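Asks: Per the working numbering, the sequence shown starts with residue 59, numbered consecutively. Every residue, glycine too, gets a C-beta built ideally from N, C-alpha and C. Remember, it's a predicted structure, so these values are computed and weren't measured experimentally.
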Amino acid sequence: MLVGLEVSNDEIYDQYRAAMKPILNRFGGEFGYDFKVSEVLKSEENTEINRVFTIRFSDEQSKDAFFNNDDYQLAKQQFFETSVNQVTIIASYTK
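1) Straight-line CA distance for F115 to V98?
2) Does the stretch 144–152 come within contact of the stretch 102–109, defined as at least 3 CB pairs closer than 8 Å?
3) Strictly by DSSP, which residues pair up with D92?
4) Tell me the DSSP bridge mates of Q144?
5) Within 10 angstroms of its Cβ, does S141 collect 16 or more other Cβ (buried), or is it exposed?
6) Exposed or buried, which one is F89 when buried takes at least 16 other CB atoms within 10 Å?
7) Hey, could you find the ends of the alpha helix (DSSP H) Y130 is sitting in?
8) Taking buried to mean at least 16 other C-beta atoms within 10 Å of its own C-beta, is L132 buried or exposed?
9) Given that a residue counts as buried once 16 or more other Cβ atoms are within 10 Å of its Cβ, and exposed if not, what is F125?
10) Do you know whose CA, among A76, D122, N67, lies nearest G86's CA?
So, in structure tokens, the structure goes:
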């Protein structure tokens, strides 16, 4: 998946990443690339983006299990929801 975010609080977002990374690893997920973006020249949606990253899983079941996991949902609620204003799924695919 290629994901764009509007991160409003870098410190809290970093806490989210620290909390979710062990859970991500448990489901075989990983980040490939991660960028802080200063300027978006073209966008298909009317959303702000200042962070872009790739996240991948070995299969669709692992991805779904990760995003539905109770521990992940707690980390998301505690940190993600208070540090991210917008999420844009730029691209995704399945093998």
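Replies: According to the data block:
1) 27 Å
2) yes
3) Per DSSP, F111.
4) Bridge partners of Q144: E64.
5) buried
6) exposed
7) Residues 128–133.
8) exposed
9) Counting Cβ neighbours within 10 Å, F125 comes out exposed, since fewer than 16 surround it.
10) D122
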